[in-house]
Amino acid sequence: MSTKEELLKRLSDGVVDMEEDDVAEAAQEYLDAGYPAFDGIMEGLVDGMNRASQLYEEEEYFVTDVLLCSDAMYVGLDILRPFLPEEEGNSKKKGVIGVVEGDTHDIGKNLVKIMLETAGFHMIDLGRDVPLRKFVDTAKEEQADFICMSTLMTTTMGGMNDVIRLLEEEGMRGQVKVMIGGGPISQKYADKIGADGYSQNAVEAVKLAKRLLDIA
Amino acid sequence: MGSVTVKGRKISCGEGPLLKSLLDAGVFVDNPCNGTGVCGKCKVRILKGECSPMSETEHRLLSDNDAASGIRLSCMAEAAGDVELEVLQQDRKGKVLTKGYLPEFDRDLYEDGYGIVIDIGTTTVVTALIDLADGAELAASSMVNAQKHFGLDVLTRITYEYEHPEDGARRLQEAIVHSVNDMIKEVCREAGVRAEDIREIDVAANCTMTHMFLGVDARSIGRSPYKPVFLEAKRFPAKEIGIEAGENTVLYCLPQVSAYIGADIVAGAYVCGLQDTQKNVLFIDIGTNGEIVLASGGRLLCCSCAAGPALEGMNISSGMRAADGAVEDVRITEQGTALTTIGGKKPEGICGSGILAVLKELLRTGIVKKTGVFIKKDKLSEADYRYPMLRMDGTKREFILNEDPLLIVTQGDIRQVQLAKGAILSGFTALLLKAGITMDELDHVMIAGQFGAHLPADFLVGTGILPEGVKEKIAYVGNSSKTGAYMALMSQKARHGMEELAARMEYMELAETENYERIFTESMIFPGF
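So this is what it looks like as structure tokens:
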């Protein structure tokens, strides 16, 4: 019988090593031994994902490596999540994320979403080629705290500006933070269109979101 | 008025001679004298229906046998009601070598005069003057696409159109038409040919370049759902877009498949015989966009992968254009790093093929691992020959390619190439999956394009852009875009063949492919040694 610490380490290592099967096995053993699912997620899976993002920052891991890590993490989440005592999602900060209209490149957006979820944000993923209006409507319905937009193409980046204008028209700009990213995007562009922040990569995006929403 | 049916295709027939209706509908009819009733070349055979009575000219220019078998000159005969006919062309066979692979084909179009073929690339434009009598290339010229002032890649140029909706398309057109006119002048001067004697200009280009050359709004190409304004072949007087050649010089733009599979790829696929092969043949043009066509089981599947500019030496910290002093090959051994540069000059930077050469060696020697990361310097013993080749910039690892002048390869450089490799290999893999064949079942892999021509098979498989298993199947076809334009200029059959081919090619949007992210992620893994 493995101890709780050993199993948490296996969960964490499985994520870092991108080994879905190891994670699934460890997660099942962890549950069978009667340990709390919440700790398994936070101290096992999320810990592994945090280590992976550390490696990403150090250039040891690349986008695709982190995506593989997240695959492993989600395998574990699917097993542990049903055993969480109750949804404590209401206390989480809520974000709407998507690739702006006209663009179908979403790998970068997916990574940002994963990192934000791992960091404890509740993310509503609108996918790619998202009609600009939908960012605003969803943010309103869900009472979201922030909107994240990305694009890889210069031809579609103007859509980000339009979303901010729509937020202003709806009188929502004060309640919703806007962060943007993607290949052709820069801090300068964020300043130009009046976005609250720009992040160069997924790890930076988490730091930015925390800063904008005053989370320690 | 009545209709005219040619090869089962019904076209509308207006006033005047048949020739006019045929040319208006894009049916090629040889008519060196421009329909003045002098040359007698524009023969058609009337299969069904009635025409105007035989003219004096036709009695003079047609033999009795011709006349008896229903042959008329299309510049004279007018339809009296519905007519079915066939266009008669003398069959000529010939084989001329240009740069790049050229299959044997029927030359059945012009018998004299001159023609121009142009390959408009996003970066480079190539123009050649052709003697239509024998198919010989009399002169050739190439220059940087003058649209570079509006951006280096197609997307930036399309963005220019978005930002300048009133005159963006017009200014982009002016730039490229101006370049083309200069090149026509140049090749004509070199060969001592008058520009007025050019009968036809055939153009192969990617879809965005074709739009911009013809002054057509390209904006819709730049955004999902990436829908071009037109795809079909175009044929009209060259002077209409400001080309300076003859009064009657015809411009023909080859057909296209989708926003990111243009006429250049249709041309290349045709040159490689994909339209009627019984084998499994993969055609690939490697560049900023990697375009791939797979012929298998009677189907023609194609896709385009956004490789980015890394493979052309851009976005690489020590990158440079393929010019004198660019590192083009490298060998890493226990004795150190031996460089080969273009022109044997002192190394100044790394060109696109050079970065692949470097990467291949870094992978072979284990300095870069399968995941694309540099090995940790502190994991190597100081006695290891690789130890002094690595250095740390803060926490970041770098490879020292050359000490003086200092040329380094960063982790970021490797990642740029890795993204390009992942994009191309994922397209390759997705097409094979779609066709339901394995890599072993591929018979040939044809590499096209200027850049591809500089990539030896061991660079391609050594960096995992293509799998090791296809190494022995790789063949190079050179500038097949230009060759395809050449075939279209010389052969009616080739022209029709390309139009049919373009219509048959099935475009696959990679981003919409099931499990694409997974395929892409797996394609990022480098070969391990």
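Just so you know, the protein sequences line up as chains A and B, in that order. When we follow the working numbering, the leftmost residue of the first sequence carries the number 3, and every step to the right adds one. When we follow the working numbering, the leftmost residue of the second sequence carries the number 83, and every step to the right adds one. In this text, a Cβ means the ideal position worked out from N, Cα and C, and glycines have one as well.
Determine, using beta carbons only, whether residue i comes closer than 8 angstroms to chain A.
i                 : result
Gly-304 (chain B) : yes
Gly-96 (chain B)  : no
Leu-237 (chain B) : yes
Ile-398 (chain B) : no
Gly-546 (chain B) : no
Tyr-244 (chain B) : yes
Lys-39 (chain B)  : No information on residue 39 (chain B) is available, as it lies outside the stretch 83 to 611 that chain B covers here.
Ile-437 (chain B) : no
Val-455 (chain B) : yes
Glu-599 (chain B) : yes
Met-606 (chain B) : yes
Lys-478 (chain B) : yes
Pro-609 (chain B) : no
With a Cβ-Cβ cutoff of 8 angstroms, do residue i and residue j count as a contact?
i                 : j                 : result
Ile-109 (chain A) : Glu-599 (chain B) : yes
Gly-494 (chain B) : Cys-433 (chain B) : no
Ile-128 (chain B) : Gly-152 (chain B) : yes
Cys-385 (chain B) : Gln-338 (chain B) : no
Tyr-334 (chain B) : Arg-281 (chain B) : no
Arg-305 (chain B) : Gly-104 (chain A) : yes
Leu-205 (chain A) : Met-117 (chain A) : In the sequence on display, residue 205 (chain A) carries Val and not Leu. It is a contact, given that the beta carbons lie within the stated cut-off.
Gly-182 (chain B) : Val-559 (chain B) : yes
Glu-160 (chain B) : Pro-247 (chain B) : no
Leu-234 (chain B) : Gly-390 (chain B) : no
Cβ of residue i less than 8 angstroms from any chain B Cβ?
i                 : result
Asp-67 (chain A)  : yes
His-107 (chain A) : yes
Thr-153 (chain A) : no
Phe-64 (chain A)  : yes
Asp-127 (chain A) : no
Leu-70 (chain A)  : yes
Asp-1 (chain A)   : Since the first residue shown for chain A is 3 and the last is 218, residue 1 (chain A) is missing from the structure and cannot be characterised.
Glu-21 (chain A)  : no
Asp-24 (chain A)  : no
Glu-61 (chain A)  : yes
Got a sec? Which residues, its chain only, sit under 6 angstroms from residue i by beta carbon, not counting five neighbours each side?
i                 : result
Tyr-37 (chain A)  : Lys-6
Val-527 (chain B) : Leu-364, Val-552, Lys-555 and Ile-556
Leu-548 (chain B) : Leu-542
Ile-93 (chain B)  : Val-86 and Ala-107
Ser-302 (chain B) : Lys-309
Short of 7 angstroms in beta carbon distance, which residues of its chain neighbour residue i, apart from the five on each side in sequence? Order them along the chain.
i                 : result
Thr-56 (chain B)  : Lying outside 83 to 611, the shown extent of chain B, residue 56 (chain B) is not represented and no answer is given.
Glu-140 (chain B) : Arg-154, Leu-155 and Met-158
Glu-22 (chain A)  : Asp-73, Ala-74 and Val-77
Ala-535 (chain B) : Tyr-558 and Gly-560
Give me the residue from the options with the minimum Cα distance to residue i.
i                 : options                                       : result
Ala-228 (chain B) : B:Ala-517, B:Pro-470 and B:Ser-261            : B:Ser-261
Glu-143 (chain A) : A:Lys-115, A:Gly-46, A:Asp-41 and A:Met-174   : A:Met-174
Gln-220 (chain A) : A:Ser-188, A:His-124 and A:Ile-81             : Here chain A comprises residues numbered 3 to 218, so residue 220 (chain A) is not present and cannot be evaluated.
Lys-115 (chain A) : A:Ala-26, A:Ala-146 and A:Ser-72              : A:Ser-72
Ile-240 (chain B) : B:Ala-593, B:Glu-166 and B:Ala-341            : B:Ala-341
Thr-140 (chain A) : A:Ile-217, A:Ala-207 and A:Gly-100            : A:Gly-100
Gly-185 (chain A) : A:Val-165, A:Ile-166, A:Gln-56 and A:Val-102  : A:Val-102
Val-65 (chain A)  : B:Gly-544, B:Ala-539, B:Lys-516 and B:Gln-498 : B:Gln-498
Cys-157 (chain B) : B:Asp-112, B:Lys-452, B:Leu-191 and B:Arg-189 : B:Asp-112
Ile-374 (chain B) : B:Lys-452, B:Glu-596 and B:Met-590            : B:Met-590
Leu-10 (chain A)  : A:Glu-27, A:Glu-45 and A:Asp-34               : A:Glu-45
Glu-168 (chain B) : B:Met-572, B:Val-109, B:Val-208 and B:Asn-397 : B:Val-109
Ala-79 (chain B)  : B:Gly-203, B:Pro-247 and B:Leu-336            : For chain B, the structure presents residues 83 to 611; residue 79 (chain B) sits outside this window and is missing.
His-107 (chain A) : A:Phe-123, A:Thr-120, A:Gly-129 and A:Glu-119 : A:Gly-129
Gln-532 (chain B) : B:Gly-369, B:Tyr-192 and B:Ala-150            : B:Gly-369
Arg-468 (chain B) : B:Asp-190, B:Leu-483, B:Thr-477 and B:Leu-489 : B:Leu-483
Val-412 (chain B) : B:Ser-435, B:Asp-284, B:Ser-562 and B:Ile-343 : B:Ser-435
Thr-565 (chain B) : B:Gly-328, B:Val-285 and B:Ala-150            : B:Val-285
Ala-405 (chain B) : B:Ala-150, B:Leu-101 and B:Lys-427            : B:Lys-427
Excluding the 5 residues preceding and the 5 following residue i in the sequence, name in chain order all residues of the same chain whose CB lies nearer than 8 angstroms to its CB.
i                 : result
Glu-172 (chain A) : Val-138 and Lys-142
Gln-202 (chain A) : Gly-183
Asp-67 (chain A)  : Met-20, Ala-54, Leu-57 and Tyr-58
Val-126 (chain A) : The displayed chain sequence assigns Ile, not Val, to residue 126 (chain A). These residues qualify, in order along the chain: Lys-96, Gly-97, Val-98, Ile-99, Thr-140, Glu-144 and Ala-146.
Leu-214 (chain A) : Phe-148, Lys-179, Met-181, Asp-198 and Gly-199
Ile-437 (chain B) : Ala-392, Leu-393, Gly-395, Ile-398, Gly-401, Val-491, Asp-495 and Val-499
Ile-258 (chain B) : Ile-202, Val-207, Asn-227, Ala-228, Gln-229, Met-291, Met-294 and Phe-295
Ala-517 (chain B) : Asn-362, Leu-376, Ser-378, Gly-379, Arg-381 and Leu-383
Exercise. Counting only runs that start and end within the region 72–126 of chain A, where is the beta strand (DSSP E) found for 3 or more residues in a row?
Worked result: 96–101
Problem set entry | Every unbroken alpha helix (DSSP H) within the region 413–458 of chain B, with a cutoff of 4 residues, ordered by chain | Entirely contained in the region 413–458 of chain B, the alpha helix (DSSP H) runs reaching 4 residues are, in chain order, 434–446.
For this session: For the region 134–201 of chain B, list the alpha helix (DSSP H) runs that are entirely contained and at least 4 residues long, ordered along the chain.
Result: 138–143 and 146–150
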